[in-house]
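So the sequence shown is numbered by the numbering used here: it starts at 1 and just counts up by one. Report on the structure given below.
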Amino acid sequence: MKIILLGAPGAGKGTVAKLLTEMDGSVQISTGDILRAAVKEGTALGREAKAYMDRGDLVPDSLVMKMMEARLQQPDCAKGFILDGFPRTIPQAEALKRLLESLKIKLDFVVNLEVSTDVILDRLTTRRTCANPDCQEIYNIKSNPPTADGKCRKCGTKVVQRDDETEAAIMNRLDTYRLKTEPLIGFYRAEGSLKSFLSLSSRDTVAEIGKALSGLK
């Protein structure tokens, strides 16, 4: 499969992407992963990106697109890929469209995960993360709790609520999403490539996406 995954913070993009990779061996790609890998490997693009990151600046789209071009041409993308949370803006979407055309890559479609604000708040305010930087296992105090004394079940480290997962921080993230990223829904709808799915259960959502992919064959 070759798809883009859109959705607000808390819509379940990461979980859905992981489950989709298990269907046919497609790889999950996020710009964060690409940036971290390039910086760690010390590539020319990675060193350039690190200079921006060390200053606290955003890595410019032109540099992100060069990294994306290199990533999409790696052998593990031959089976397919899932772009998780990218593009985030209309200029990025337009640049990605040009890039895919130049690489002669055709997307199957763009997935939009629909979920209400109430559900997002419930998911994220109840989420806890292992404080061990080498683990960072994710828990939910309702559906997948840590140990009774608030420890990670994998490594025993204390679990914490991230600063960006308080209700006020989440509402701010949603406002940013609606301003910058939600317009992508209109962009891809106009392109005729958008398919929306209600994201209440990740496994049900993945099953529906699988049906839509089967319909393309």
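Where a beta carbon is used, it is the ideal one built from N, C-alpha and C, also for glycine.
Practice task
In the DSSP assignment, find the alpha helix (DSSP H) that holds D84 and state where it starts and stops.
Solution key: For D84, there is no enclosing alpha helix (DSSP H); the enclosing beta strand (DSSP E) has its first and last residue at F81 to D84.
Handout entry: Residue ranges of each beta strand (DSSP E) within the stretch 114-159, 3 or longer
Key = Segments of the beta strand (DSSP E) lying fully in the stretch 114-159: 127-130 and 138-140.
Problem - Distance between L63 and D57 (C-alpha atoms, nearest Å) - result: Cα to Cα, D57 sits roughly 13 Å from L63.
Practice task
Determine the DSSP secondary structure at S102, reduced to helix, strand or coil.
Solution key: Reduced to three states, the DSSP call for S102 is helix.
Handout entry: Buried/exposed call for V110, threshold 16 Cβ in 10 Å
Key = Here V110 is buried. Its C-beta has 16 or more other C-beta atoms within 10 Å.
Handout entry: Own chain residues within Cβ distance below 6 Å of E137, not counting five before or after
Key = Answer for E137: C130, C152 and K154, listed in chain order.
Handout entry: Stretch pair the stretch 179-194 + the stretch 78-97: three plus CB contacts closer than 8 Å
Key = Taking one beta carbon from each stretch, the stretch 179-194 and the stretch 78-97 have 3 or more pairs nearer than 8 Å; the two touch.
Practice task
Would you please verify whether the beta carbon of P91 is less than 9 Å from any beta carbon of chain D?
Solution key: No chain D is present in this structure, which holds just one protein chain.
Exercise for the section: Tell me, please, which residues DSSP counts as bridged to Q28. Expected result: Answer is I82, bridged to Q28.
Handout entry: Residues of its chain near V39, where Cβ-Cβ distance is below 7 Å and the 5 sequence neighbours each way are ignored
Key = So the list reads G46, A49 and K50, once near-sequence residues are dropped.
Problem - Pairwise C-alpha distance: E69 and M171 - result: Cα atoms of M171 and E69: separation of roughly 33 Å, rounded to the nearest angstrom.
Problem - Touching by the beta-carbon criterion (3+ pairs, under 8 Å), the stretch 194-201 and the stretch 112-126 - result: In the pairwise beta carbon analysis, the stretch 194-201 is classified as touching the stretch 112-126: at least three pairs are separated by under 8 Å.
Exercise for the section: Using three-state DSSP, classify S214 as helix, strand or coil. Expected result: DSSP places S214 in the helix class (H, G or I) of the three-state scheme.
Practice task
May I ask you to report which of helix, strand or coil DSSP gives S196?
Solution key: Shown here, S196 sits in a strand according to DSSP, grouped into three states.
Practice task
With a threshold of 16 other CB atoms inside 10 Å of the CB of T166, please say whether the residue is buried or exposed.
Solution key: With fewer than 16 other Cβ atoms from the protein chains shown falling within 10 Å of its own Cβ, T166 counts as exposed.
Exercise for the section: Taking only runs that begin and end inside the stretch 19-63, name each unbroken beta strand (DSSP E) of 3 or more residues, in chain order. Expected result: If we require 3 residues or more, the beta strand (DSSP E) runs fully inside the stretch 19-63 come out as 27-29.
Practice task
Determine the contact status of K106 and K2, defining contact as a CB-CB distance below 9 Å.
Solution key: Yes, Cβ-Cβ distance for K106 and K2 is below 9 Å.
Practice task
Just tell me which of E208, L99 and E94 has its CA closest to the CA of E191.
Solution key: Comparing Cα-Cα distances from E191 to each of E208, L99 and E94, the minimum goes to E94.
Handout entry: Reduced DSSP category for L107 - H, G, I as helix; E, B as strand; rest coil
Key = Assignment of L107 by DSSP, reduced to helix, strand and coil, places it in the coil class.
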